[in-house]
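Enquirer:
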Amino acid sequence: MFNVKPSNFNHIVYFGEVGSQMGEDGIERDTFIPKFSAKFSPKSRSMTQQYSIFGTELQDTILIVIRHNKSVKRGLVVKMPNGRAYDIADISSDEQNIYITYDIITLKLNDKIEIGD
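Take 48 as the starting number for the sequence shown in our numbering and just add one per residue.
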């Protein structure tokens, strides 16, 4: 697929689900419930790729790369190190029959989910 240096995987991302939780004010809110974590490397797009997705639903998305993980599926929510929640918009899995494979995950910001400390 492509070459990624192991030293680039220096951030941790949390994958989980959304669950309702009662706040201190008595109002139920959608809250992030972590299930598992993975180390990731941010991936940037080329200018050609940026122009090709301009005006589409993928325009305001970011990319991360993780080691291939079968547990990562659409519908999971991702907590990034910046403390914000993202939905998985797309997963490009590397299903080659080699030892080290990667997944490129496209993430879209979700402001409706509260992230606890």
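Yeah, the Cβ is synthetic: ideal placement off N, Cα and C, and Gly gets one too. Quick caveat: nothing in here was measured; it's all calculated off a predicted structure.
Short check: CB of I80 to CB of E64, under 8 angstroms?
Expert: Stepping through the sequence shown from its first residue, residue 80 is reached at position 33. Stepping through the sequence shown from its first residue, residue 64 is reached at position 17. A contact, by the Cβ cut-off of 8 angstroms.
Enquirer: If we ignore side chains and look at the alpha-carbon of each, how far apart do V125 and V60 end up?
Expert: Residue numbering aside, residue 125 sits at position 78 when the sequence shown is read from its first letter. Residue numbering aside, residue 60 sits at position 13 when the sequence shown is read from its first letter. About 7 angstroms.
Enquirer: Could you tell me whether the Cβ atoms of V112 and F62 are closer together than 8 angstroms?
Expert: Here residue 112 refers to the residue found at position 65 of the sequence shown. Here residue 62 refers to the residue found at position 15 of the sequence shown. In this structure, F62 does not lie closer than 8 angstroms to V112 by Cβ.
Enquirer: Could you tell me the boundaries of the alpha helix (DSSP H) in which Y133 lies?
Expert: The sequence position of residue 133 within the sequence shown is 86, counting from 1. Counting along the chain, Y133 falls outside any alpha helix (DSSP H), though it belongs to the beta strand (DSSP E) covering 132-140.
Enquirer: Please classify P128: does DSSP put it in a helix, a strand, or coil?
Expert: Locating residue 128 in the sequence shown gives position 81, where the first residue counts as 1. The answer is coil: DSSP assigns P128 none of H, G, I, E or B.
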